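Here is the structure we will look at.
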């Protein structure tokens, strides 16, 4: 059987609840009204999220990426508010923006969240922040590895530009000029051969004569030499055409290398954007459910405290009488 002390405690607790229920209801009502007023006045905010990871700060001799930052460095960058220098102003209001970083489950990415009343404006602001940061580190030289890599890539780009200019201004004109010259010589030989062959046909139609026969042999020898020289000239022309095609291939290869170097240059940044900014489809703040739950809990607690205080006061007054 329960002891007298236990029965007394239960009786006091029941008496407290019976005595305080009106105060609890009133306090809950007041708290809910305050929560409703806050929810009515509060501006709905959308969550705009962007996922980043440590970026490429250099390339080794084989072209392999080097990432000198890690996820912890990225988190520290945002915890220390160093990022605020790159935040744009929030439209015409000029309100200061705040980014909320959270490390991803994979421990290789960081999710940045911006709360904003206009989802499209929030997406623009978060993207503008990333673009500002990217431009700063690519042009300021604040990150030593990025500065060194940028210089190397720019030197490589200048070398490629020089090689491409040489192809267009020196090598191609030289090959084209020689090719045109060889074609001209081949055309002249072809005309001469046609003349010689025609003369051979004319002499072959004449009556046999030792002198004519001697001239005929000379013409046939000349025709044979011309055919041999024309074959050699055709071979040289084919070789020059292959060289011209090789220059086209070389130009395309240099252009591909140039595009790759530009890609490397654009990739240099301490932060790399993995997923671009995306806004939530509906407002996420204020959270109505939790405000209601909090109001009920706070009202209940205050009502019980108020009831306990008034009950103790009543009991003290009864004991004094």
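Numbering (this note's numbering), first residue to last: 5 to 325. Heads up, the beta-carbon is just placed ideally off N, CA and C, and yes, glycines get one too. Quantities reported herein were computed from a predicted structural model and do not represent experimental measurements.
Own chain, CB closer than 7 Å to residue i, minus 5 neighbours either side, in chain order
i           : result
residue 190 : 234, 237, 238, 241
residue 132 : 92
residue 268 : 63, 157
residue 262 : 161, 164
residue 145 : 151
residue 201 : 227
residue 100 : none
Beta-carbon proximity check, residue i vs residue j, cutoff 9 Å
i           : j           : result
residue 56  : residue 113 : yes
residue 138 : residue 54  : no
residue 327 : residue 58  : As shown, the chain starts at 5 and ends at 325. That puts residue 327 outside it, with no answer to give.
residue 223 : residue 204 : yes
Nonlocal neighbours in the same chain, by C-beta distance under 6 Å from residue i, ignoring five residues either side
i           : result
residue 127 : 52, 281, 283
residue 69  : 60
residue 90  : 133, 136, 137
residue 220 : 207
residue 104 : 117
residue 255 : 171
Alpha-carbon spacing of residue i relative to residue j, whole angstroms
i           : j           : result
residue 168 : residue 174 : 10 Å
residue 96  : residue 164 : Unreliable positioning characterises residue 96 in this predicted model, as indicated by a pLDDT of 49, which lies under 50. The coordinate reading is nonetheless provided below. Whole-angstrom Cα-Cα distance: 46 Å.
residue 184 : residue 245 : 10 Å
residue 102 : residue 50  : 13 Å
residue 187 : residue 198 : 16 Å
residue 258 : residue 177 : 18 Å
residue 310 : residue 302 : 12 Å
residue 216 : residue 193 : 24 Å
residue 106 : residue 141 : 23 Å
residue 266 : residue 260 : 10 Å
residue 129 : residue 78  : 19 Å
residue 305 : residue 30  : 12 Å
residue 72  : residue 143 : 18 Å
residue 172 : residue 67  : 28 Å
Selection from the options that minimises the alpha carbon distance to residue i
i           : options            : result
residue 251 : 170, 132, 138      : 170
residue 279 : 286, 34, 108       : 108
residue 271 : 154, 104, 218      : 154
residue 287 : 118, 76, 81, 106   : 118
residue 273 : 135, 209, 264, 182 : 135
residue 275 : 143, 81, 37, 65    : 81
residue 111 : 76, 90, 104        : 76
residue 181 : 248, 256, 66, 195  : 248
Close Cβ partners of residue i (< 8 Å) along its chain, the five nearest in sequence each way excluded
i           : result
residue 231 : 197
residue 277 : 54, 55, 56, 134
Practice task
Flag this pair as touching only if the stretch 72–86 and the stretch 117–132 have three or more C-beta atom pairs under 8 Å; answer yes or no.
Solution key: no
Exercise for the section: State whether the stretch 150–165 contacts the stretch 216–232, with contact taken as three or more CB pairs (one from each stretch) at a distance under 8 Å. Expected result: no
Practice task
Count the C-beta pairs between the stretch 139–157 and the stretch 60–71 that are closer than 8 Å, then say yes if the count reaches three, no if not.
Solution key: yes
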